[in-house]
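If you count the sequence shown from 1, position 56 lands on 56 in UniProt numbering, and the numbers rise without skipping. The block underneath contains the structure these notes are about, expressed in structure tokens.
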Amino acid sequence: MTKPAATVRELMREQYSSLTQSERKFANSLLENYPSAGLASITIVAANAEVSTPTVARMVQKLGFKGYPQFHQALLKELQAQVSGPTQRRANWVTEAPEGHLLNRFSQAVTENLEQTFSNIDSEKFDAAVRQLANTDGRLYVVGGRITRALADYAFTHFQAIRQRVTTMTSSAATWPHYVLDMVEGDTLLLFDVRRYETNLQRLAELAAERGVKVILITDQWASPIASVAQHSFSCWVEIPSAWDSNISTMMLLEAMIAATQEESWTETRDRYERLDELFDMTRLFRKFS
């Protein structure tokens, strides 16, 4: 299986230091409404970014595209990937997947997803997010969407044991204003959002950010729009030979965060583990082996 092509967003980040001031202005304008801001004609996108048409043309070539039409098609393909449903995803795999048993193709896809995910994580940003997750000065809120709420439940179970002041938000968006009501500056919101991106999660993130809450987003390789308000955003590669996307790389990243958060506050966490074990013994929830 060939290595997935870099997204336009990734190309801009890689080349950002080499861009001129006007080219950076266009790049920033595109990132603010990505990828939709680049789907119009070159004259319109230049005018919207308040730069010249030649500026757009030069930046596009710096990213490795022959011209604006090729750049436009790459953005359009990304947009189609973001909104594609299960039927279309499976159709793509049926025509593009290599020969061989599904187990082999699945294994190869998952392995490449893991490699892509972890090779694109900035260790300094990861460490900063972990410090935020371990910071008990504020409350940690955890929420997921239609598919990712299982990841949110998993995260809550572990973080509740690691640290105090952890709240899991229900899957019903109608209840979220009650949580937002109690959010204050310095709190943290760990949020999961993958394609198709959920507008209610985006609004929740915006409301939280307006209150000074630090948003940590775990998303897919196309990046949820929530990335624009998140303090830390992590992309996980998710495509597999299936009508559904995979959560394996997302789970791996989450478990790495859980392990790192545990180590960040190990003295306090060890004490919590010991007291938790005592409570489990008292309730006799688990069978003990001599």
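Here a beta-carbon is modelled for each residue, glycine too, at the ideal position from N, C-alpha and C.
Kindly examine the ligand NAD and report whether one of its heavy atoms sits closer than 6 Å to the Cβ of residue i.
i       : result
Arg-211 : No copy of the ligand NAD appears in this structure; indeed no ligand is present at all.
So, using beta-carbon positions, are residue i and residue j closer together than 7 Å?
i           : j       : result
Tyr-34      : Arg-9   : yes
Ile-121     : Gln-262 : no
Val-143     : Leu-191 : yes
Ala-155     : Leu-254 : yes
residue 365 : Ile-42  : A question about residue 365 goes unanswered here, because the residues of the chain that appear run from 1 up to 290.
Ile-240     : Ala-109 : yes
Lys-62      : Gln-15  : yes
Phe-65      : Ala-49  : no
In the DSSP assignment, what are the bridge partners of residue i?
i       : result
Leu-254 : Answer by DSSP bridge pairing: none, since Leu-254 is not bridged.
Phe-234 : Ile-218
Thr-188 : Leu-140 and Lys-214
Roughly how many whole angstroms lie between the Cα atoms of residue i and residue j?
i       : j       : result
Val-238 : Leu-103 : 16 Å
Leu-39  : Phe-71  : 9 Å
Met-282 : Arg-272 : 15 Å
Ser-29  : Ala-46  : 10 Å
Arg-131 : Trp-244 : 33 Å
Asp-193 : Ser-22  : 32 Å
Thr-167 : Met-183 : 11 Å
Leu-19  : Gln-202 : 30 Å
Asp-137 : Phe-118 : 29 Å
Phe-286 : Thr-157 : 17 Å
Gly-212 : Glu-185 : 4 Å
Met-1   : Leu-114 : Its pLDDT being 42, under 50, Met-1 is placed unreliably in this model, and the value from its coordinates should be taken loosely. Distance between the alpha carbons of Met-1 and Leu-114 is about 14 Å.
Arg-24  : Arg-196 : 29 Å
Leu-276 : Trp-266 : 15 Å
Arg-284 : Glu-278 : 10 Å
Leu-31  : Pro-177 : 28 Å
Ala-6   : Leu-75  : 11 Å
Sort the options by Cα distance to residue i and report the nearest one.
i       : options                               : result
Phe-234 : Arg-195, Leu-207 and Ile-216          : Ile-216
Thr-199 : Glu-268, Arg-146 and Thr-136          : Arg-146
Ala-208 : Arg-139, Glu-112 and Ser-119          : Arg-139
Arg-165 : Val-213, Tyr-141, Thr-43 and Gly-67   : Tyr-141
Gln-116 : Ala-260, Gln-221 and Leu-31           : Gln-221
Phe-159 : Ala-6, Ala-256 and Met-59             : Ala-256
Ser-249 : Leu-204, Phe-286, Thr-111 and Thr-188 : Thr-111
Leu-189 : Ala-223, Ser-242 and His-232          : His-232
Ala-260 : Leu-79, Ser-171 and Ala-129           : Ala-129
Met-251 : Arg-149, Tyr-68, Glu-278 and Glu-124  : Arg-149
Phe-106 : Ser-242, Thr-269 and Ala-37           : Ser-242
Ser-246 : Thr-219, Pro-225, Met-169 and Thr-269 : Thr-219
Inset, instruction - Quick one: which unbroken beta strand (DSSP E) runs of 3-plus residues sit fully inside the region 147-177? Chain order, please. - result: For the beta strand (DSSP E) assignment, the uninterrupted runs of no fewer than 3 residues enclosed by the region 147-177 are, from N- to C-terminal side, 166-168.
Inset, instruction - Just list the alpha helix (DSSP H) runs in the UniProt domain "HTH rpiR-type" (6-82), keeping only unbroken ones of 4 residues or longer that don't cross its boundaries, in chain order. - result: Correct list: 8-15, 21-32, 42-49 and 53-62.
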